[in-house]
Amino acid sequence: MLTLNVSGKSGNDAVNFVRGVIAPDEDEAKILIDGPSQADGLTKFLKSQGFNDVILEDDEGLLYVTACRKEKEKKEPEHKPSPAPQTQAVPTKAKNEPVTSGVLISCDARKHKYSFLHKFLASLPDSAPKPEVVALMNSAVKLAAYTSPSCSILKQLESNGVSVLISESCADSLGITEAVGVGIMCQMSEILSKIFSCGKVVSI
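The opening position of the sequence shown corresponds to residue 7 in the numbering used here, with each subsequent residue numbered one higher.
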(Lines of atoms letter the chains of each structure in order from A; the text may use other names.)
(Lines give C-alpha, C1' and ligand atoms only; values in the text may rest on other atoms or scores of the structure.)
Protein backbone atom coordinates (compact mmCIF):
# COMPACT_ATOMS: atom_id res chain seq x y z
CA MET A 7 0.00 0.00 0.00
CA LEU A 8 1.21 3.48 -0.90
CA THR A 9 1.17 5.82 2.12
CA LEU A 10 1.35 9.59 1.61
CA ASN A 11 1.11 12.73 3.74
CA VAL A 12 -0.40 15.87 2.18
CA SER A 13 -1.24 17.71 5.40
CA GLY A 14 -0.42 21.40 5.10
CA LYS A 15 -0.97 21.47 1.34
CA SER A 16 -3.85 23.26 -0.38
CA GLY A 17 -6.52 21.23 -2.20
CA ASN A 18 -4.94 21.62 -5.67
CA ASP A 19 -1.38 21.17 -4.36
CA ALA A 20 -2.44 17.97 -2.59
CA VAL A 21 -3.96 16.55 -5.79
CA ASN A 22 -0.91 17.51 -7.88
CA PHE A 23 1.41 15.94 -5.31
CA VAL A 24 -0.49 12.64 -5.35
CA ARG A 25 -0.73 12.76 -9.16
CA GLY A 26 3.07 12.96 -9.42
CA VAL A 27 3.74 10.14 -6.97
CA ILE A 28 1.09 7.47 -7.45
CA ALA A 29 1.95 4.77 -9.99
CA PRO A 30 -0.55 3.60 -12.64
CA ASP A 31 -0.44 0.04 -11.29
CA GLU A 32 -0.91 1.05 -7.64
CA ASP A 33 -3.92 -0.78 -6.17
CA GLU A 34 -4.09 0.74 -2.67
CA ALA A 35 -3.31 4.16 -1.22
CA LYS A 36 -3.64 5.79 2.22
CA ILE A 37 -3.27 9.58 2.32
CA LEU A 38 -3.03 11.64 5.52
CA ILE A 39 -4.93 14.93 5.22
CA ASP A 40 -5.73 17.80 7.54
CA GLY A 41 -8.98 19.21 6.20
CA PRO A 42 -12.07 18.76 4.03
CA SER A 43 -10.70 21.01 1.28
CA GLN A 44 -8.15 18.27 0.55
CA ALA A 45 -10.58 15.34 0.91
CA ASP A 46 -13.04 16.47 -1.77
CA GLY A 47 -10.42 17.06 -4.48
CA LEU A 48 -8.47 13.89 -3.69
CA THR A 49 -11.62 11.76 -3.74
CA LYS A 50 -12.57 13.03 -7.21
CA PHE A 51 -9.01 12.55 -8.52
CA LEU A 52 -8.64 9.01 -7.17
CA LYS A 53 -11.99 7.96 -8.64
CA SER A 54 -10.92 9.39 -12.00
CA GLN A 55 -7.84 7.15 -11.81
CA GLY A 56 -9.92 3.99 -11.45
CA PHE A 57 -10.04 3.69 -7.67
CA ASN A 58 -13.62 2.55 -7.11
CA ASP A 59 -13.52 2.32 -3.30
CA VAL A 60 -12.53 5.70 -1.83
CA ILE A 61 -13.47 6.46 1.79
CA LEU A 62 -12.68 8.92 4.59
CA GLU A 63 -11.22 7.27 7.69
CA ASP A 64 -10.74 8.76 11.16
CA ASP A 65 -7.87 6.95 12.90
CA GLU A 66 -7.55 8.23 16.49
CA GLY A 67 -7.98 11.86 15.46
CA LEU A 68 -5.99 11.61 12.22
CA LEU A 69 -8.00 11.92 9.01
CA TYR A 70 -7.11 9.75 6.02
CA VAL A 71 -8.40 9.23 2.49
CA THR A 72 -8.02 5.53 1.71
CA ALA A 73 -8.51 4.12 -1.76
CA CYS A 74 -8.28 0.76 -3.48
CA ARG A 75 -9.16 -0.79 -6.79
CA LYS A 76 -11.71 -3.60 -6.52
CA GLU A 77 -11.99 -6.16 -9.27
CA LYS A 78 -14.90 -5.25 -11.48
CA GLU A 79 -17.65 -7.76 -12.05
CA LYS A 80 -17.34 -9.81 -15.21
CA LYS A 81 -19.46 -8.61 -18.06
CA GLU A 82 -22.26 -10.80 -19.29
CA PRO A 83 -21.66 -12.54 -22.63
CA GLU A 84 -22.38 -10.26 -25.55
CA HIS A 85 -24.66 -12.81 -27.21
CA LYS A 86 -27.03 -12.79 -24.24
CA PRO A 87 -30.14 -10.86 -25.24
CA SER A 88 -30.63 -7.60 -23.40
CA PRO A 89 -33.77 -7.25 -21.31
CA ALA A 90 -36.52 -5.14 -22.78
CA PRO A 91 -36.14 -1.50 -21.79
CA GLN A 92 -38.50 -0.32 -19.10
CA THR A 93 -40.02 3.09 -18.99
CA GLN A 94 -39.59 4.72 -15.61
CA ALA A 95 -40.40 8.21 -14.55
CA VAL A 96 -37.29 10.09 -13.45
CA PRO A 97 -37.95 12.43 -10.54
CA THR A 98 -37.09 16.02 -11.35
CA LYS A 99 -36.05 18.63 -8.87
CA ALA A 100 -38.52 21.41 -8.43
CA LYS A 101 -37.25 24.75 -9.68
CA ASN A 102 -37.93 26.45 -6.37
CA GLU A 103 -36.70 23.61 -4.16
CA PRO A 104 -34.25 25.11 -1.61
CA VAL A 105 -30.60 24.08 -1.74
CA THR A 106 -29.27 22.58 1.48
CA SER A 107 -26.42 24.49 3.09
CA GLY A 108 -23.84 23.90 5.80
CA VAL A 109 -21.22 25.83 7.75
CA LEU A 110 -17.86 24.22 8.59
CA ILE A 111 -15.61 26.00 11.10
CA SER A 112 -12.21 24.31 11.41
CA CYS A 113 -9.76 27.16 12.00
CA ASP A 114 -7.88 28.29 15.10
CA ALA A 115 -7.40 31.61 16.87
CA ARG A 116 -4.15 32.26 15.02
CA LYS A 117 -6.11 32.67 11.77
CA HIS A 118 -9.41 34.10 13.05
CA LYS A 119 -9.90 35.58 16.51
CA TYR A 120 -12.67 33.93 18.55
CA SER A 121 -14.38 37.34 18.73
CA PHE A 122 -14.74 37.22 14.94
CA LEU A 123 -16.05 33.65 15.03
CA HIS A 124 -18.52 34.64 17.77
CA LYS A 125 -19.83 37.53 15.64
CA PHE A 126 -20.12 35.22 12.63
CA LEU A 127 -22.14 32.67 14.61
CA ALA A 128 -24.30 35.44 16.07
CA SER A 129 -25.39 36.40 12.55
CA LEU A 130 -26.62 32.89 11.66
CA PRO A 131 -29.92 32.87 13.65
CA ASP A 132 -31.09 35.89 11.62
CA SER A 133 -29.87 34.58 8.26
CA ALA A 134 -32.34 33.48 5.61
CA PRO A 135 -32.30 30.68 4.87
CA LYS A 136 -30.56 29.20 7.88
CA PRO A 137 -27.93 26.49 7.37
CA GLU A 138 -28.98 22.92 8.04
CA VAL A 139 -25.63 22.01 9.56
CA VAL A 140 -23.01 23.86 11.64
CA ALA A 141 -19.91 21.71 12.22
CA LEU A 142 -16.96 22.52 14.49
CA MET A 143 -13.54 20.90 14.05
CA ASN A 144 -9.98 21.46 15.31
CA SER A 145 -9.72 24.18 18.00
CA ALA A 146 -13.05 25.68 16.86
CA VAL A 147 -14.73 23.07 19.10
CA LYS A 148 -13.93 25.47 21.99
CA LEU A 149 -16.83 27.61 20.72
CA ALA A 150 -19.21 24.90 22.02
CA ALA A 151 -17.84 24.90 25.59
CA TYR A 152 -20.15 25.90 28.45
CA THR A 153 -17.90 28.87 29.22
CA SER A 154 -17.88 30.16 25.63
CA PRO A 155 -20.22 33.07 24.80
CA SER A 156 -20.93 31.28 21.52
CA CYS A 157 -22.51 28.29 23.31
CA SER A 158 -25.85 30.09 23.77
CA ILE A 159 -25.91 31.03 20.07
CA LEU A 160 -25.28 27.43 19.05
CA LYS A 161 -28.09 26.35 21.41
CA GLN A 162 -30.41 28.85 19.73
CA LEU A 163 -29.51 27.47 16.29
CA GLU A 164 -30.07 23.93 17.55
CA SER A 165 -33.52 24.88 18.91
CA ASN A 166 -34.35 26.25 15.44
CA GLY A 167 -33.64 22.87 13.83
CA VAL A 168 -29.98 23.37 12.85
CA SER A 169 -27.76 20.31 13.40
CA VAL A 170 -24.72 21.32 15.48
CA LEU A 171 -21.92 18.75 15.09
CA ILE A 172 -18.80 18.69 17.28
CA SER A 173 -15.65 16.70 16.41
CA GLU A 174 -15.27 14.21 19.24
CA SER A 175 -11.59 13.51 18.55
CA CYS A 176 -10.75 17.23 18.46
CA ALA A 177 -12.59 17.91 21.74
CA ASP A 178 -10.82 14.93 23.30
CA SER A 179 -7.36 16.05 22.13
CA LEU A 180 -8.00 19.51 23.63
CA GLY A 181 -9.27 18.00 26.89
CA ILE A 182 -12.67 19.73 26.75
CA THR A 183 -14.98 16.78 26.08
CA GLU A 184 -16.74 17.17 29.44
CA ALA A 185 -17.02 20.95 28.96
CA VAL A 186 -18.94 20.81 25.66
CA GLY A 187 -22.42 22.17 26.30
CA VAL A 188 -24.20 21.91 22.95
CA GLY A 189 -24.44 19.79 19.82
CA ILE A 190 -23.77 16.16 18.92
CA MET A 191 -20.31 14.62 19.31
CA CYS A 192 -19.29 12.93 16.04
CA GLN A 193 -16.29 11.38 14.34
CA MET A 194 -14.62 13.52 11.65
CA SER A 195 -15.73 11.14 8.92
CA GLU A 196 -19.39 11.57 9.98
CA ILE A 197 -19.03 15.36 9.96
CA LEU A 198 -17.45 15.42 6.51
CA SER A 199 -20.07 13.03 5.14
CA LYS A 200 -22.82 15.37 6.38
CA ILE A 201 -21.04 18.47 5.02
CA PHE A 202 -20.40 16.88 1.61
CA SER A 203 -24.11 16.09 1.30
CA CYS A 204 -24.96 19.80 1.46
CA GLY A 205 -25.51 21.69 -1.79
CA LYS A 206 -23.58 24.73 -0.57
CA VAL A 207 -20.94 24.98 2.17
CA VAL A 208 -19.35 27.98 3.89
CA SER A 209 -15.95 26.99 5.29
CA ILE A 210 -13.90 29.08 7.72
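From the three backbone atoms N, C-alpha and C, an ideal C-beta is built for every residue, glycine too. The structure displayed is predicted, hence computed values, not measured ones.
Here's a check: name, in chain order, each residue in its chain whose Cβ is nearer than 8 angstroms to the Cβ of residue i, leaving out the five neighbours to either side.
i	result
K148	Y120, S154, L180, I182
I190	S169, V170, L171, I172
By Cβ distance, which residues of its chain are closer than 7 angstroms to residue i, with the 5 residues on each side in sequence left out?
i	result
G56	R75
V27	L10
Mind checking whether residue i and residue j have CB atoms under 7 angstroms apart?
i	j	result
G108	V207	yes
A150	L160	yes
I197	A141	yes
I201	L62	no
Given this structure, state the Cα-to-Cα distance separating residue i from residue j, to the nearest angstrom.
i	j	result
C157	S16	31 angstroms
V60	L52	7 angstroms
V186	P30	46 angstroms
N58	A128	42 angstroms
N11	L38	5 angstroms
E32	V188	44 angstroms
H251	D40	Outside the shown range of the chain, which is 7 to 210, sits residue 251, and nothing can be said about it.
D19	V71	15 angstroms
P131	Y152	19 angstroms
For residue i, tell me which candidate among the options has the shortest Cα-Cα distance.
i	options	result
G205	V139, G167, S13, M191	V139
N22	M7, T49, P131	T49
A177	M143, G41, P137, L127	M143
G14	N166, Q44, L8, M7	Q44
T106	A134, F122, N18	A134
Tell me the DSSP bridge mates of residue i?
i	result
C192	S173
I37	L10, V71
A151	V186
S209	L110
D64	L69
D178	Looking at the DSSP assignment, D178 forms no beta bridge with any residue, so it has no partner.
Less than 6 angstroms between C-beta atoms, sequence neighbours within five positions excluded: which residues of the same chain meet that for residue i?
i	result
A73	A35, L52, F57, V60
P42	L198
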